[in-house]
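So for the sequence shown, our numbering puts the first residue at 50; every next one is plus one. Right, one structure below, let's go through it.
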Amino acid sequence: MSSNAQEGKRFSVHHALTVAGLALIYYVAARLGLLLAFENTNASPVWPPSGIAFAAILILGYRVWPGIAIGAFLANVVTFSGNQPFGFGRIFAVSFFIAIGNTLEALIGALFLRRLVKFRNPLDRLRDLTKYVLVVPLMCAVSATIGPTASCLIGITSWALYKTVWLTWWLGDVTGVLVVTSFFLIWTRKISFQWESKSFFQILLSLALLFVVVQINFGNFFTSPRAYLFFPFIAWAALRFGQIGVVTTTFLVSGIAVWGTIHGTGPFVSRTLNESLLALQTFVGTMSIMGLALGAVLEERRQAREGLARLAAIVESSEDAIIGKTLNNIITSWNHSAERLYGYAAEEVIGKSISIIVPPDRLDEISKIFESLGQGEHIKSYETIRVRKDGKKINVSLTISPIFKHDSNRILGVSTITRDITEHKQLESRQNELLQELENINQELDDFARIVSHDLKAPLRGINTLAEYLSIEYRDQFDDKGKEFLRLLDQRARLMSALIDGILEYSQVGYLKEKLELTDLNNIVKKTVDIIAPPNNIRIHIEGKLPSIRCTKIRVQQVFQNLLGNAVKYMDKEKGEVKVACVPDGDFWKFSVSDNGPGIKEKYFRKIFQMFQTLQPKTKSQSSGIGLALAKKIVEVYGGKIWVESKEGKGSAFFFTLPKNHA
């Protein structure tokens, strides 16, 4: 058998035992309650089973409802069979409908209560207790209506008694729920009552006082009723022990009062036992509601005190200064961090104006802040200046929030969280100075590059012009060696010019703010091919379709121009093939420019991306050695990377990545 099947079987057995146990408990409680039923109607003014059923549904869930139905049905069948001369069919029918009423009562009550208070304990808050007290009489009307109506329709009870039976039934159920359900709701949760050495003595004292009050009311010592003595006792139980004291005392008093009334003693004895028990249950219900209400108020206050204590601990342990003040700018609270920040002890400033820490030239800030708070705004990270006790000014960041009266929009005061940002401001100022210095240096470098470019290129242009003039006008006067020297002179001058242009371009990448626009890279590559103008024996083509990305057109074109230009320049095959392709790579596009050229040795893979590095001797190379370094810098500015894969003699493949959504 699988573990899931075994787990399901254990759950089924546990559920069956729970239902059976609930049915047994309900049956026993119902049999005891039916001993006090009104004129053989099975309508009892004392009905704990209603409280047991409601508590079971609330605590164990809706799945245990069969236990209520079974227990109620069996208890009524047995009781009717012993008291009524009717046939089993009628007894079965009326017991069936009564069981339905008792079950629906608990289910409907649980459904409405959970909708109203969710899954909170309804006895912990006064607003939830109010909903609980409203739901109880309404849910009890279900059983009080179904049971007597079925009994009258089937002919077991006279219609003349319907009103009395309905009231007896309803009051018994209401009291049973208020006393018994409340008892179980409190005792089945985690008890927050803290046991102390004096608690045992207080419990003994409480029991002794309860015994005295019981004797006064049910011991026939006084002729006049003194049931009101139970109320201060309930109040004491609520004050000292909370809801657990209320429900326990109410449970005990209810049981003792029922026992005394049945035996003809106490302030509730009337002409008939039913009238006596109705009066008693009215008293018990009232006492229970009063005690629960007082307990709920005290529980809310306890939780509020605990919440305030936790908040106070947080405030005191906060690294930020937290200050409370009234609408008149009078300081009401001042935590330890405020003492450290401003140098004032709490007793020095509480009760004084907040202006004690505000520079005179900043006092107008206060009225502006209050104006914003009055419009319902919260002020966050407001940077200003404050003054310490020693007169030193500090930079601070303020977060200011209004303090509202509970359940209203009325502002009672203001809470200010203050953070010292003096060091941050100093660092920020130093950073700004460094940034300005860096900007000045960059500007100077840029100016220098432009000046050098202009001043160097001017004589180079003169050299080119002179070399060209000599090669034309004095061509016949030079031998072959002289002509070669003129050619080399012109070539070196042009290379120097390209080198200067490359340096200038390299210095500007990533420095100047350039406009980004959505660019179709297919057009960029086609335009680059037109500029390169490869010879007929070299074919450049795009595999698939290239994407469009946000970039600066000229920069991406420079990358392709350097990679494609190198592929064409160094091609050593009669039929050259150069391919441009792109594939997605996570948040990036991975581009490749591959060829079937001479290839590159692995030891040069990193060297070729460095400034002024070429694979040919300087005397033979026509390259400035800047192109790949420039491509690398452009790609890295965009957040990508560039690399090469190659085998000597088998061509090369240059890869680079660019982000899909560059902002």
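Beta carbons: idealized from backbone N, C-alpha and C, even for Gly.
- What distance in whole Å lies between the Cβ atoms of Ala370 and Leu390, which are believed to be in contact at a cut-off of 8 Å? 4 Å
- Assign Glu154 to one of two classes, buried (16 or more other C-beta atoms within 10 Å of its C-beta) or exposed (fewer than that). buried
- Message: Output needed for Lys564: all residues of its chain with C-beta closer than 6 Å, excluding positions within five of it in sequence on either side, in chain order.
- Response: none
- For Glu477 and Leu640, the rounded distance between their alpha carbons: What sits at residue 640 in the sequence shown is Phe, not Leu. Whole-angstrom Cα-Cα distance: 41 Å.
- Message: I need the boundaries of the alpha helix (DSSP H) containing His385, first residue and last residue.
- Response: His385 to Tyr391
- With 16 as the cutoff for other CB atoms within 10 Å, does Glu348 come out buried or exposed? buried
- Task: Check each candidate in Asp634, Lys656 and Lys681 and name the one with the smallest Cα separation from Lys709.
- Result: Asp634
- Message: At the level of alpha carbons, what is the spacing between Ile446 and Arg468?
- Response: The sequence given here places Ser at residue 446; Ile does not occur at that position. Their backbone Cα atoms lie some 5 Å apart in a straight line.
- With a CB to CB cut of under 8 Å and the five nearest residues on each side skipped, what residues in its chain are close to Val184? Gly158, Phe161, Leu162 and Leu165
- Task: Go ahead and pull the three-state DSSP assignment for Asn572.
- Result: helix
- Message: Using 8 Å as the cut-off, can you tell me whether the stretch 207 to 224 makes contact with the stretch 372 to 379, which would need three or more C-beta pairs spanning the two stretches below that distance?
- Response: no
- Close beta carbons around Trp114, own chain, < 8 Å, minus the five adjacent residues each side: Ile106, Thr152, Ala155 and Leu156
- Task: Quick one: residues in its chain with C-beta nearer than 8 Å to the C-beta of Ile434, no 5 flanking neighbours on either side, listed in chain order?
- Result: Closer than 8 Å at Cβ, skipping near neighbours: Pro408, Arg411, Lys442, Ile443, Asn444 and Val445.
- Query: Do you know offhand how far Thr706's Cα is from Ile589's?
  - Reply: 20 Å
- 8 Å contact criterion, which Gly116 and Ala78 should meet: CB distance rounded: In fact, because the Cβ distance is near 12 Å, the residues do not count as touching under 8 Å.
- Using three-state DSSP, classify Thr577 as helix, strand or coil. Thr577 sits in a helix when the DSSP states are folded into three classes.
- Message: I need the DSSP call for Tyr181, collapsed to helix, strand or coil.
- Response: helix
- Item | Within the stretch 406 to 465, ranges of the beta strand (DSSP E) (whole runs, at least 3 residues) | 428 to 436 and 442 to 453
- Query: Straight-line CA distance for Ser701 to Ala630?
  - Reply: 14 Å
- Could you please give the first and the last residue of the uninterrupted alpha helix (DSSP H) stretch that includes Ala394? Careful: Ala394 lies outside any alpha helix (DSSP H) and carries neither H nor E.
- Task: Enumerate in chain order the residues of its own chain whose CB-to-CB distance from Pro583 is below 7 Å, with the five nearest sequence positions on each side excluded.
- Result: Beyond the five residues adjoining it in sequence on each side, Pro583 comes within less than 7 Å, by CB distance, of Ile589 and Val617 in the same chain, given in chain order.
- Message: Between the stretch 567 to 584 and the stretch 643 to 652, can you find at least three pairs of beta-carbon atoms closer than 8 Å?
- Response: no
- Message: Is the beta carbon of Met336 closer than 8 Å to that of Ile283?
- Response: yes
- Message: For Arg479, list the residues DSSP reports as bridge partners.
- Response: Answer by DSSP bridge pairing: none, since Arg479 is not bridged.
- Task: Out of Glu396, Ile403, Ser367 and Glu368, state which residue places its alpha-carbon closest to the alpha-carbon of Ile379.
- Result: Ile403
- Going by C-alpha distance, which of Lys690, Leu679, Leu202 and Leu422 is nearest Gly462? Gly462 has its Cα closest to that of Leu422, out of Lys690, Leu679, Leu202 and Leu422.
- Sequence-distant residues of its chain with Cβ nearer than 8 Å to Asp177 (five each side left out): Leu165, Val166, Arg169, Asn170, Pro171 and Ala345
- Item | Beta-carbon proximity list for Ala199, same chain, < 6 Å, skipping 5 on both sides | Val143 and Phe146
- How is Ala582 classed by DSSP in three states: helix, strand or coil? coil
- Query: Gly625 bridges to which residues according to DSSP?
  - Reply: Ile587
- If you draw a straight line from the alpha carbon of Gln485 to that of Asp496, how long is it in whole angstroms? 16 Å
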